[in-house]
Amino acid sequence: MAPPGSFETATVTVKLDDLNPEQRAAVLAPDGPILILAGAGSGKTRVLSYRIAHILAERKASPAEVLAVTFTNKAANEMRQRVASLVGGDNDARIPWVSTFHSACARILRQEGHALGYDRNFSILDEGDSLATIRQVLGDAALADSPPLELARARIEQAKNEAVTPDEMLARAKPGRDASIAQIYRLYQERMRAMNAMDFSDLQLQTWLLFERFPETLERWQRRAAHLLVDEYQDTNRVQYLIVRALAARSGNLCVVGDEDQSIYGWRGADIRNILDFERDYPAAQIFKLEQNYRSTKTILAAAGAVIRNNTERKVKNLWTENSAGEPVTYFTGRDERDEADFIALEIARLTGVGGFRAADVVVFYRVNAQSRAIEEALVRRRIPYYIVGGVRFYEQRDVKDLLAYLRVIANPADAVSLERMVGTPPRGIGAKSFEAIAELAARERIPAFEAMGRLETCSRVALRIAKQAGMLYSWMHDLGARAPDLSVRGIVEEVVAHSGFEAYLDTLDDAPARKQNLAEMLSAASAFDAEKSGGGLPEFLERVALVSDTEQIDSSGGRAALMTLHTSKGLEYPIVFMAGMEEGLFPHSRAAEIDEEVEEERRLCYVGMTRAQQLLYLTNTLSRELYGVRQESRQSRFLREVDPALIRRIAPARETPPIRPLSPREPYVDFADSQLPDDEPGPGGDGLSIGARVIHPTFGRGIVRRREGRGDGAKAWVNFERGGIKLLVLKFANLRLLGD
Ligand code: ATP
Ligand code: MG
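Offset between the sequence shown (1-based) and the working numbering: plus 215.
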């Protein structure tokens, strides 16, 4: 084995004394397939960073021959910084390619997609746009056995994750609904190609198809990834597995790290077998086990270990730590979710007050987004600063999406979804009818919809005034498109803001200042992008925007406690962790209740959550919980019962809580992701709460009404809150106040 300590080359020094012997062995292991299989907090991610630095220092490869794949952009950035600090200096040329699967695929497809019929400026559709496109396809196809929209979307995504093409799906489909889904899948792919667009899962599927069909292209990228390293390998799905296998086939230098106990994305197609079968796939694999945990106290580790021990589909690991025993795990049962939330808020207040912790040291995990509301209310009452990871993202906000639609069309005039979005904002008379005329003209003349917009004057169905408007819009955007390669991204955004009439339109609105802030934010994002050395043009900027992930919102310096679902917690660590809702039916989720394999996945999720904690772990639940408008008795989660009572300090339910100001009436509500929200359409708005109305809520603050439903006492509205995302509120109880439009 290589000697401990540091080694040196002419250019860089990598210190290895802050690694333990097993970690060091994994870092120094010779080329070839390597599996690092180890428990939570044992330094897997750390070893990966050091190994990259070592490969570069030893000159086994140049930075242009190394690719490291991580699960999130945040992890990618951290690893890039880690490697930069290890190899010294901020010389970009020394930093290897560290990327998420999606970003890596997008980059490959920009360069190679033409082989599959895509232009390098292809658009990346977000979930909302992709759902809208499937909806259109479903409507146009009008199949006898038409599947519901959500089912079609889910099955198409599943197929892509499993590397199944439309033809393959069709060949396997039973007649009836299955065959219809396969047909919809095919039509959807055709429409996307006509728009020169891909959705998220396409990025991976198309990359795989490219590699499968064009061996010489594959070879080029095999050289670019002559050393391939993959973090969180337990959560790769089939198509990712195939891409990794293809890229590593030539060099054999594949280093994967993972922990089968932390596989939590089965519902998104992740296949735990990928890691369990690594030794079978690569018989020559060198295997390393890391057993020392550096993150958590002995107690936390023992509690997490006691839970995961109940799973059968795993390799037994012996995880230990030199850290202190620490405090017992605190277990609190509230009378209801308000009581639970108030305990959490009170504890955080205590810990950040006399306890000497910062709010940013705290994270609260929950199983479903709907749980966050009670917790938010409690934190607001106690004046504890917090933020939600995974709420509505900046780039998903309405004005921002509208502006992005212009940029997308300029980069990719075939993008009909974005075209439809932008022609109507700001309102300039080109409404749904006119867009229909554009689409018809495009279909008849077999030209892109954008071109058709420029020729609307030839269409008798549209008023001349509107056709002229459309013609002017076309000329300007066409011209800007031609100049775009010579402009900075900021320059393009500035021109769009000014020339599209978007800014002038916002100026006519009461809430102009708030909404114009978003425009300003876009301009700063564009400037920041221009300032980067590796930069790129408009297509690269749009790609960056499209692939921003939830975890990029994580901000550990901001002095605020973080709230997020357990699924977002991967790879993170916090001094203090709360896990709320430890109840049967919620966690493990009722969806999983009867199927052993799914309960095992829930248990892994529990293990991931518990092992994020460094010093203090709190598990909480209720005697009775109202969720999705229904109140039910709660039963203690089986995961709690699996922990040795000796590790737990129980806090009794009947605990006295200090008086707090009365709450507004509790309203049943549901949380939605933006993509799940139906399209805006005018609803009954006699009370002034029409679509687009700006409102204020006692707890969630400002928001915009996105859609309405029902009448009278049953009237509900989806409201997109600046803080906390989209919630479905029963208006009778919601206490919404209109802010005027
Ligand atoms: P997870 O399974 O949650 O992804 P991991 O195995 O990737 O965890 P890391 O995040 O790499 O673990 O490391 C966990 C923590 O332990 C980090 O704070 C890391 O800096 C620290 N750590 C790892 N190895 C050592 C070591 N040899 N000495 C000191 N600290 C270490
Ligand atoms: Mg890790």
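Where is the CB? At the ideal position from N, CA and C, for every residue including glycine.
Contact check, residue i vs residue j, beta carbons under 8 Å
i, j, result
"residue 358", "residue 348", "no"
"residue 852", "residue 802", "yes"
"residue 781", "residue 582", "yes"
"residue 297", "residue 257", "no"
"residue 247", "residue 467", "yes"
"residue 291", "residue 277", "no"
"residue 686", "residue 709", "no"
"residue 757", "residue 502", "no"
"residue 518", "residue 825", "yes"
"residue 333", "residue 522", "no"
"residue 828", "residue 587", "no"
"residue 636", "residue 658", "no"
"residue 514", "residue 787", "no"
Cβ-heavy atom distance, residue i to ligand 1, below 7 Å
i, result
"residue 253", "yes"
"residue 256", "yes"
"residue 673", "no"
"residue 235", "yes"
"residue 504", "no"
"residue 786", "yes"
"residue 355", "no"
"residue 238", "yes"
"residue 509", "yes"
"residue 287", "no"
"residue 826", "yes"
Own chain partners of residue i with C-beta closer than 8 Å, once the 5 adjacent residues on each side are dropped
i, result
"residue 224", "Annotation note: pLDDT 40 at residue 224 (below 50); position unreliable, no value reported."
"residue 364", "346, 349, 350 and 353"
"residue 234", "242, 258, 261, 262 and 265"
"residue 707", "622, 625, 695, 699, 741 and 753"
"residue 432", "327, 330, 425 and 426"
Residue range of the unbroken beta strand (DSSP E) whose run includes residue i
i, result
"residue 934", "931–936"
"residue 547", "544–549"
"residue 924", "916–924"
"residue 617", "Taken as a continuous stretch (DSSP letters only), residue 617 belongs to no beta strand (DSSP E), being part of the alpha helix (DSSP H) at 613–626."
"residue 651", "Element bounds for residue 651: not the beta strand (DSSP E) but the alpha helix (DSSP H), 647–660."
"residue 386", "Unbroken run through residue 386 is the alpha helix (DSSP H), 381–387; no beta strand (DSSP E)."
"residue 312", "312–315"
"residue 530", "Note, residue 530: premise wrong, no beta strand (DSSP E); not H, not E."
"residue 910", "909–912"
"residue 520", "Here residue 520 belongs to no beta strand (DSSP E); instead the alpha helix (DSSP H) covers 513–523."
"residue 429", "Element bounds for residue 429: n/a, residue is neither H nor E."
"residue 414", "412–414"
"residue 601", "601–603"
Residue i: CB within 7 Å of a non-hydrogen atom of ligand 2
i, result
"residue 916", "no"
"residue 450", "no"
"residue 530", "no"
"residue 343", "no"
"residue 476", "no"
"residue 259", "yes"
"residue 446", "yes"
Beta-carbon contacts of residue i that lie in its chain and below 6 Å, excluding the five residues immediately before and after
i, result
"residue 797", "834, 836, 852 and 855"
"residue 878", "With a pLDDT of 30 at residue 878, under the threshold of 50, the predicted position of this residue should be treated as unreliable, though the coordinate-derived value follows. Result list for residue 878: empty, nothing under 6 Å."
"residue 496", "none"
"residue 917", "911 and 937"
"residue 816", "481"
"residue 440", "282 and 462"
"residue 443", "282, 462, 463 and 469"
"residue 900", "Confidence at residue 900 is low in this model, with a pLDDT of 45, below 50, so its placement is unreliable and the value that follows should be read with caution. If we look at residue 900 and ignore the five residues flanking it on each side, it has no Cβ neighbours."
Cβ-Cβ separation, residue j to residue i (assumed contact under 8 Å), whole Å
i, j, result
"residue 526", "residue 840", "That pair is no contact at about 26 Å."
"residue 477", "residue 419", "No, residue 477 and residue 419 are not in contact; Cβ-Cβ is about 21 Å, not under 8 Å."
"residue 401", "residue 424", "Contact flag wrong, Cβ pair sits at about 14 Å."
"residue 991", "residue 720", "Residue 991 is absent from the model: the chain starts at 216 and stops at 956."
"residue 630", "residue 410", "5 Å"
"residue 577", "residue 791", "5 Å"
Contact test: residue i Cβ vs ligand 3 heavy atom, cutoff 7 Å
i, result
"residue 538", "You won't find ligand 3 in this model; what it holds is ligand 1 and ligand 2."
Start-to-end residues for the alpha helix (DSSP H) that takes in residue i
i, result
"residue 375", "364–376"
"residue 693", "679–698"
"residue 489", "488–491"
"residue 354", "342–356"
"residue 783", "Run containing residue 783: none; DSSP gives neither H nor E here."
Close beta carbons around residue i, own chain, < 7 Å, minus the five adjacent residues each side
i, result
"residue 416", "372, 375 and 376"
CB contact below 8 Å: residue i versus chain C
i, result
"residue 255", "Absence of chain C from the displayed structure is noted, only one protein chain being present."
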